[in-house]
Amino acid sequence: MIYLSEETSSQENMEAWLSQLSDPEFPLLKDSVLKLLKPRLVACNFEEKSAEFAFTVEDWQLNPEKGLHGGIMATNFDVSFGLLSHYFAKQHMVSTVTIHTTFLKPVIPNDVIHYKVQMSHLGRTIHSMTAEAWLERDNILAATASASYMKLHQTFDSPI
């Protein structure tokens, strides 16, 4: 298991830590919505402070019109923002302060959505980010979002 620490910030460490999303023992998966949503790391860039995560639309995530429920898409953005923010906050907890989502195109069952997240400001306390949600199907821009997170003084009881 790779754990976060101030001394190990690098491209290799970022990839190794985020790649653990597929490991059921990854601390952030335990007893969390991440276990249900099954995010997968596609790419990350330490220098650019960016990451890309893929999520596959499952039947339980659909609204009555058989499209992806908007709340699930917003949650996927929140998870993607949160993972990037967690990496740079290290052992500190983070909390969503604001999240704004704009829905552009419908998302259908079995679509694979790529959430491309970019840290635009990494402050001591506030992390500001933007993201785009792209469908693998025909490379469609389905939604955009922006968010700010707060790095809390509180740390995790056990390493993440």
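Heads up, the sequence shown is in UniProt numbering, so the first residue is 1 and it goes up one at a time.
Glycine residues also receive a C-beta, built at the ideal position from the N, C-alpha and C atoms.
Look at H86 here: in three-state DSSP terms it is helix. Between V112 and M150, the CB-CB gap reaches or exceeds 8 Å. DSSP, reduced to helix, strand and coil, places L122 within a strand of the structure shown. For M93, the enclosing beta strand (DSSP E) has its first and last residue at H92 to F103. Each of D59, H92 and H114 was checked against the Cα of S158, and the nearest Cα belongs to H92. The C-alpha of L135 is placed about 31 Å away from the C-alpha of L4. Bounds of the alpha helix (DSSP H) holding S19 are Q11 to S19.
DSSP places L4 in no beta strand (DSSP E); its state is neither H nor E. Just so you know, the alpha carbons of P109 and K66 end up roughly 7 Å apart. A straight line joining the alpha-carbon of L68 with that of Q118 spans about 23 Å.
Around the beta carbon of V79, 16 or more other beta carbons lie within 10 angstroms, which makes this residue buried. By the neighbour-count definition (other C-beta atoms within 10 Å, threshold 16), I72 is a buried residue.
For N110, DSSP records no beta bridge to any residue. The three-state reading of DSSP puts K35 in helix, counting H, G and I together.
F53 places its beta carbon 8 Å or farther from that of M14.
Per DSSP, L152 is one residue of the beta strand (DSSP E) stretching across I140 to T155. Looking at I126, I140 and Y115, the one whose alpha-carbon comes closest to that of C44 is Y115.
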